[in-house]
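Trainee:
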Amino acid sequence: MSRVPGSWPPVEIEPPVLHPNAPAPGTDLGVHFAECFGCGEVEGGLHLRSSVGDDQTVQSKFTVTRAHQGAPGLAHGGLLACAFDEALGSAVGNLLRRPAVTGRLETDFRRPVPVGSTLYIEARLDGTAGRKIYVSADGRLDAPDGPVAVSARGLFVQVGIEHFSTHGDPQALEKLAEAQRKNQINP
Ligand SMILES: CCCCCCCC(=O)SCCNC(=O)CCNC(=O)[C@H](O)C(C)(C)COP(=O)(O)OP(=O)(O)OC[C@H]1O[C@@H](n2cnc3c(N)ncnc32)[C@H](O)[C@@H]1OP(=O)(O)O
Numbered sequence: 787m788s789r790v791p792g793s794w795p796p797v798e799i800e801p802p803v804l805h806p807n808a809p810a811p812g813t814d815l816g817v818h819f820a821e822c823f824g825c826g827e828v829e830g831g832l833h834l835r836s837s838v839g840d841d842q843t844v845q846s847k848f849t850v851t852r853a854h855q856g857a858p859g860l861a862h863g864g865l866l867a868c869a870f871d872e873a874l875g876s877a878v879g880n881l882l883r884r885p886a887v888t889g890r891l892e893t894d895f896r897r898p899v900p901v902g903s904t905l906y907i908e909a910r911l912d913g914t915a916g917r918k919i920y921v922s923a924d925g926r927l928d929a930p931d932g933p934v935a936v937s938a939r940g941l942f943v944q945v946g947i948e949h950f951s952t953h954g955d956p957q958a959l960e961k962l963a964e965a966q967r968k969n970q971i972n973p
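Last residue of the sequence shown? That's 973 in the working numbering, and every number before it is there in order.
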């Protein structure tokens, strides 16, 4: 039974069209930004690792550490939501290659996620409607076919690159773009 009310996607959508240069299934997606809390080498970060799956999916996983606790021995729900933001964003960024930001993120926590467990997240592209990109994901405990612990749905909104330079750190953005040009880091 779905615990998230409402139909999904909530609007009429077009099927997602993969970018012609989207990485092939099996490709390791690496780190998109070294200082990203989700995938970067940040102390206490999630250190989420992702690769392209079949059927317009991205497969991600991360292991819950003591740095991620909300209650003793249990993952904090907000950090789990962060993992889904990252996994969904990775599907959008890598498969569609459209610059986009999270507009809405819904999470459905079904089972506790203990410290030491590994969450296997499968994120899929559900469809697009103009600038709106709908994605969803399930996170399974300790195995790709383990029980679903968390589900999420996200709306990403395509933005111009100026979104990042206007609101973020333009110098860091330029350094990141330079690194991507040199192909050191995935987009
Ligand atoms: C590989 C990379 C992985 C990275 C993963 C991490 C991704 C992130 O965490 S991004 C950071 C978190 N997100 C943000 O900071 C975004 C902040 N918000 C914004 O900048 C703006 O609100 C933004 C860009 C989402 C939308 O603003 P704007 O460009 O003016 O568009 P706007 O007209 O308001 O919305 C566009 C459409 O989306 C819809 N929409 C926007 N937000 C929502 C929402 N929360 N719920 C429902 N619909 C929404 C609007 O209704 C509109 O629909 P329509 O076209 O049918 O009228």
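We put the beta carbon where it would ideally sit given N, CA and C, even for glycine.
Since the structure is predicted, the reported quantities are computational estimates derived from the model, not experimental observations.
For the beta strand (DSSP E) that Glu964 lies in, which residues bound it at each end?
Mentor: Careful: Glu964 lies outside any beta strand (DSSP E), inside the alpha helix (DSSP H) at Pro956 to Arg967.
Trainee: Look at the alpha carbon of Lys847 and the alpha carbon of Pro796, and state the distance between them as a whole number of angstroms.
Mentor: The alpha-carbon atoms of Lys847 and Pro796 are separated by roughly 28 Å.
Trainee: If we ignore side chains and look at the alpha-carbon of each, how far apart do Val887 and Val945 end up?
Mentor: Those two C-alpha atoms are separated by around 7 Å.
Trainee: Just to be sure I understand the criterion: a residue counts if its Cβ is closer than 6 Å to at least one heavy atom of ligand 1. Which residues meet that?
Mentor: After applying the 6 Å Cβ criterion, the set is His818, Asp871, Glu872, Gly875, Ser876, Gly879, Val887, Thr888, Gly889, Arg890, Gly916, Arg917, Lys918, Leu941, Val943 and Val945.
Trainee: For a test of the three-state rule: what should DSSP assign to Val844, helix, strand or coil?
Mentor: Three-state result, Val844: strand.
Trainee: Could you check which residue in Pro930, Asp931 and Thr914 has the C-alpha nearest to that of Gly940?
Mentor: Comparing Cα positions, the closest option is Thr914.
Trainee: Can you tell me whether DSSP reads Leu911 as helix, strand or coil?
Mentor: It is a strand residue.
Trainee: When you compare the CB positions of Arg917 and Val943, do they come within less than 7 Å of one another, or not?
Mentor: In this structure, Val943 lies closer than 7 Å to Arg917 by Cβ.
Trainee: Which residues does DSSP pair with Leu941 in a beta bridge?
Mentor: DSSP, once it has assigned bridges, lists Arg890 and Tyr920 as partnering Leu941.
Trainee: Please name the residue, chosen from Leu832, Phe819 and Leu834, that lies closest to Ala958 on a Cα-to-Cα basis.
Mentor: If we check each option's Cα against that of Ala958, Phe819 comes out closest.
Trainee: Tell whether a beta-carbon distance below 7 Å holds between Gly909 and Ala873.
Mentor: According to the sequence displayed, residue 909 carries Ala and not Gly. Yes, these two residues count as a Cβ contact at 7 Å.
Trainee: Can you tell me where the beta strand (DSSP E) with Ser836 in it begins and where it stops?
Mentor: Unbroken beta strand (DSSP E) run through Ser836: Arg835 to Val838.
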